[in-house]
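Input: a single structure, listed below in structure tokens.
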Amino acid sequence: MTGATARHGPDGHPDRPPVPPQRRTPRDPLPELVARLRDAGLDVDAEHLLDALWLAARTGAPYRR
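The opening residue of the sequence shown carries number 176 in my numbering; numbering runs sequentially from there.
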């Protein structure tokens with residue numbers, strides 16, 4: 176290809192493929208929920224956790240990080 180210009184990646188090097196952006200893995204909210212319930216003075220077990228999740232799903236409050 177005469178007169179074709181070299182293709183450069185985002186770092187300016189023509190031989191390397193572009194580097195994809197780093198993805199952050201989402202945090203698991205369950206350990207944080209358990210910690211907050213324990214900080215509130217509750218002795219959390221699986222049944223309490225299920226009850227808290229059930230109640231949260233029915234309150235209509237949006238989940239915020």
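Think of the CB as a built atom: it goes at the ideal place given N, C-alpha and C, for glycine as much as any other residue.
Checklist entry - Measuring CB to CB, does Leu-230 end up less than 7 Å from Val-219? => result no
Checklist entry - What's the gap between the Cα of Val-194 and the Cα of Leu-224? => result 41 Å
Item to check | Residues near Val-209 by beta carbon distance below 6 Å, same chain, minus five either side | outcome: Within the same chain, Val-209 has close Cβ partners Val-219.
Checklist entry - Just the Cα atoms here: how many angstroms apart are Arg-233 and Asp-226? => result Going from the Cα of Arg-233 to the Cα of Asp-226 covers about 11 Å.
Item to check | Alpha-carbon to alpha-carbon, Glu-222 and Asp-214 | outcome: 17 Å
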